[in-house]
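Residue numbers (this note's numbering): 2 to 282.
Glycine is no exception: its CB is placed at the ideal position from the N, C-alpha and C atoms.
Note that the structure is predicted; figures quoted are calculated from it, not measured.
Working notes for the structure below.
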Ligand code: GUN
């Protein structure tokens, strides 16, 4: 079997075309969606991600503001900066690029962002709403994964989803979203015993553990759907957490890296920003 590709790049492009039209429509009503991104410090990966977010906003017609701060900024100063954006009527979404320097509490920063502008979906109020299935901002990467599975018309009801990784940004919420879609969800992580036996039980395997080529064909049930959320750089080349070449011979569907989940994350951020702006109408 050779897996069909879950092409995130293509779906992202399709969604961004629609978003552009939605933004045009809002703009004719004098609502220009606005996203503010705060970048603290000089982390090269964060700089790349932030640049990509800005470019995507520009292409969609979303007003974007980048606020760069030195890594010597105090927590108090950063919280004050967020408060200004909370009050700013031209800003619908606020995102503080993570990670932030260790002397600042990540939780304090996340909780400072007004829940109605939390387009990352990281605020405890929005996480709570996600858990109970209420309408709210969904975290962008997990939201993108679910959209890809739906686009490919992969049935989720009653399926055994195994999530490898338990981060607050990806692992935990992607399991919750798939539970909301009536899947049966198992979480595995670095301390799971017999992890590779568990992954072999998955109808749908989501891998977000941050280790290059961690999952190979032996860890995958024949015909499983495999979603690789990892982005690792090995010898200057991007690779995922899944060994693409071996797993593609065993899975029914597989996401490539790059061109899989990655392009969907930013797209869902744009989607959340536009959703937030719509509330201004
Ligand atoms: N750093 C890595 N991924 C993300 C994300 O989705 N949002 C924010 N704010 N920071 C990140």
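| request: Quick one: residues with CB closer than 5 Å to any heavy atom of the ligand GUN, in chain order, please. | output: 96, 98, 99 and 121
| field | CA nearest to the CA of residue 84, picked from 195, 39 and 210 | value | When only C-alpha atoms are compared, the closest one is 39.
| said: For residue 65, list the residues DSSP reports as bridge partners. | reply: 36
| What are the partner residues of residue 155, as DSSP defines its beta bridges? | Partner(s): none; residue 155 has no beta bridge.
| query | Taking buried to mean at least 16 other C-beta atoms within 10 Å of its own C-beta, is residue 131 buried or exposed? | reply | Buried, since its Cβ has 16 or more Cβ neighbours within 10 Å.
| Beta-carbon contacts of residue 155 that lie in its chain and below 6 Å, excluding the five residues immediately before and after | 226
| field | Beta-carbon contacts of residue 62 that lie in its chain and below 7 Å, excluding the five residues immediately before and after | value | 21, 24, 25 and 28
| task | Would you list the one or two residues that DSSP bridges to residue 233? | result | 240
| task | With DSSP as the reference, label residue 97 as helix, strand or coil. | result | strand
| task | Entirely within the segment 165-253 and at least 3 residues each: give me those beta strand (DSSP E) ranges in chain order. | result | 185-189, 205-208, 226-229, 233-235 and 238-240
| query | If you run the structure through DSSP and keep just helix, strand and coil, what is residue 161? | reply | Looking at residue 161 - three-state DSSP - the assignment turns out to be strand.
| field | Sequence-distant residues of its chain with Cβ nearer than 6 Å to residue 173 (five each side left out) | value | 167
| request: With a 10 Å radius around its C-beta and 16 neighbouring C-beta atoms as the bar for buried, classify residue 283 as buried or exposed. | output: Within the shown structure, residues of the chain are numbered from 2 to 282, placing residue 283 beyond reach of any answer.
| Where residue 17 and residue 180 are concerned, what is the direct C-alpha to C-alpha distance, given to the nearest angstrom? | In this structure, the CA atom of residue 17 is about 27 Å from the CA atom of residue 180.
| said: Between which residues of its own chain and residue 165 is the CB-CB distance below 6 Å, once the five residues before and five after are set aside? | reply: 189, 208 and 210
| field | residue 55 versus residue 65 - alpha carbon distance | value | 6 Å
| Does DSSP put residue 147 in a helix, a strand or coil? | helix
| query | residue 31: buried (16+ other C-beta within 10 angstroms of its C-beta) or exposed? | reply | exposed
| Are there 16 or more other CB atoms within 10 angstroms of the CB of residue 149, so buried, or fewer, so exposed? | Burial call: buried.
| Rounded C-alpha distance that separates residue 161 from residue 261 | 21 Å
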